[in-house]
Amino acid sequence: MNQTQQSPKIVVVGAGWAGLGATYQLVQQGYDVTLLEAGGHPGGLVAGWKTAQGRSVEAGIHGFWYPYRNIFALVKQLGLNPFTDWTRSSQYSPAGLEVESPIFQQEPRLPSPLGTFLYTRFKRLFLKKYEVDAVE
Ligand SMILES: Cc1cc2nc3c(=O)[nH]c(=O)nc-3n(C[C@H](O)[C@H](O)[C@H](O)COP(=O)(O)OP(=O)(O)OC[C@H]3O[C@@H](n4cnc5c(N)ncnc54)[C@H](O)[C@@H]3O)c2cc1C
Numbered sequence: 000m001n002q003t004q005q006s007p008k009i010v011v012v013g014a015g016w017a018g019l020g021a022t023y024q025l026v027q028q029g030y031d032v033t034l035l036e037a038g039g040h041p042g043g044l045v046a047g048w049k050t051a052q053g054r055s056v057e058a059g060i061h062g063f064w065y066p067y068r069n070i071f072a073l074v075k076q077l078g079l080n081p082f083t084d085w086t087r088s089s090q091y092s093p094a095g096l097e098v099e100s101p102i103f104q105q106e107p108r109l110p111s112p113l114g115t116f117l118y119t120r121f122k123r124l125f126l127k128k129y130e131v132d133a134v135e
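Numbering (numbering that gives the first Met the number 0), first residue to last: 0 to 135.
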C-alpha cells in the first residue's frame, strides 16, 4: 500500500476465530479495521467454562490437529501457548450424550478416517458397548 494513501477502512462482523484471524491479517497489511461483535465477549464458539465439579465444558472448538498449520503459526507469532494436553472429549445434544472420543494418540495408529470411525463412540449408532460418565 502507498504510504501517502489513507488506509482503506474495513469492517469485519463477528469476533469469532474467523473474524479475529481476518482482522489480525488485515491490520498486519495496514488496513484500518473495525471489528464488530454482537456477543458479550470475543471468541464466538471458542468459549468454555468449568462445571462445579471441575469438568471442562467447551461450546464449540476444542480440538486442534496437526494440519492446522496456520493456527499453530499464528499462536507462535503471537507468543501464546493456549493449548492444554490431549484429553478425552464428549459431545452432548439436548437429548444427552451423543459422542465420546478417546485420546487418539493413545490408541494404535490407523489411517484416517478408519481410526476416527473405530475409536469414536457414537452413542446413537450402537456400534459398540457404551460406558457413559455420569452427566453433571
Ligand atoms: C459442538 C462443536 C464442536 C466443535 N469442535 C471443533 C473442534 O474440535 N475443532 C475445530 O476445529 N472446530 C470445531 N468446531 C467448529 C468451530 O467451533 C467453528 O468452525 C469455529 O469456531 C467457527 O468460527 P467462526 O469465527 O467462523 O464463527 P463463530 O465462532 O460462530 O463466531 C461468530 C461470531 O460472530 C458474532 N456475530 C454473529 N452475527 C453477528 C452480527 N450480526 N453482528 C456482530 N457479531 C455477530 C457471534 O456473536 C460470534 O461471536 C466445533 C463446533 C461445534 C458447534
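Every residue, glycine too, gets a C-beta built ideally from N, C-alpha and C.
Inclusion of L44 and A58 in the CB contact set at 8 Å is warranted, their separation being smaller than that value. In terms of CA proximity to Q105, R87 leads the group G53, E99, R87 and P112. Distance from the CA of K122 to the CA of Y65, rounded to the nearest whole angstrom, comes to 27 Å.
The beta carbons of V10 and G18 sit no closer together than 8 Å. Between the C-alpha atoms of Y67 and Q5 there is a straight-line separation of about 34 Å. The shortest C-alpha to C-alpha distance from R120 to any of V98, P107 and S111 is the one to V98. G62 is not a Cβ neighbour of S55, given a cutoff of 8 Å. According to DSSP, W48 shares a beta bridge with V56. Within the chosen limit of 7 Å, ligand 1 reaches the beta carbon of E36 through at least one heavy atom. L44 has its CB nearer than 7 Å to a heavy atom of ligand 1.
G20 is a Cβ neighbour of L73, given a cutoff of 8 Å.
For the segment 100-127, the full-length alpha helix (DSSP H) segments reaching 4 residues or more read 113-118 along the chain. By the Cβ-count criterion, T33 is exposed, with fewer than 16 other Cβ atoms from all chains shown falling within 10 Å of its own Cβ.
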